[in-house]
Amino acid sequence: MNSQTSKTVQDLSKVLSEEYFLLLKTLNFHWNVEGPLFHSLHTLFETHYRGLLEKVDDIAETIRAYDAKAPGSFREYSKTSLIDEAPAEEISAIEMVEVLNKDHLAIAARIKEHHEDAEAAGDIHAVTLYEDLITFHEKAAWMIRSHLPKEMGSSKQRKESKESSMRPSQMS
Ligand SMILES: [Fe+2]
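So this note's numbering is basically just the index in the sequence shown, starting at one, shifted up by 52.
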């Protein structure tokens, strides 16, 4: 494995750890959400944790395709994930929405940096996977923050998401 590909494997392993932390947090919120948004968020979080499980598997198998071992323990994941675990204390449905919106956008932003490096290294499997992940996270963030009342869906959140979106019309 050349040094550029080993950097790609390192980046993929980091992304895997973050996706796994987000998977567990999304499950936690699926189980514990309460209030008027219960049905909608319980269902949406289920769609997302199922999607995240597929992504986790795709990332791990891409790492294997580069002939490296896929990390699969919280011991390893907790060293590299920048995604925080769910808080121990109870939080509201709106706080869950804010936390997950932020996490999905943060992961998408970090993956964009890895995408550039993988592209420069010619690591096509990783490039394709990253594009799929960016689309998944940005769409998930939009679906989640659409639950915020208008006055809470702050212009800052909307602006961040707009800046981080890869819209076909802006990709010419
Ligand atoms: Fe369930």
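Just so you know, even glycine gets a beta-carbon here, dropped at the ideal spot from N, CA and C.
- In this structure, the alpha-carbon of residue 76 lies about 22 angstroms from that of residue 121.
- Pairwise C-beta distances place the segment 164-174 in contact with the segment 57-67, as three or more of them are shorter than 8 angstroms.
- Annotation for residue 100: the continuous alpha helix (DSSP H) segment containing it runs 90-117.
- For residue 184, the uninterrupted alpha helix (DSSP H) segment begins and ends at 176-197.
- The criterion of a C-beta distance shorter than 8 angstroms is satisfied by residue 100 and residue 192.
- Judged by beta-carbon spacing, residue 96 lies within the 8 angstroms limit of residue 196, meaning their Cβ atoms are closer than that value.
- In this structure, the beta-carbon distance from residue 86 to residue 145 falls below 8 angstroms.
- When the Cα atoms are used, residue 89 and residue 74 turn out to be separated by approximately 20 angstroms.
- One alpha carbon belongs to residue 131, the other to residue 68, and they sit about 12 angstroms apart.
- Residue 61: member of the alpha helix (DSSP H) spanning 55-84, first to last residue.
- The criterion of a C-beta distance shorter than 8 angstroms is not satisfied by residue 129 and residue 182.
- Contact between residue 118 and residue 57 holds, with the beta-carbon distance rounding to 6 angstroms and staying under 8 angstroms.
- Within the chosen limit of 7 angstroms, ligand 1 reaches the beta carbon of residue 82 through at least one heavy atom.
- Exclusion of residue 86 from the 7 angstroms shell around ligand 1 follows from its C-beta lying no nearer than that to any non-hydrogen atom of the ligand.
- Taking C-beta atoms under 8 angstroms as the contact rule, residue 151 and residue 199 fail to qualify, at a distance of about 12 angstroms.
- Annotation: the continuous alpha helix (DSSP H) that includes residue 154 extends over 145-173.
- Cβ atoms of residue 70 and residue 135 come within 8 angstroms of each other, at about 5 angstroms.
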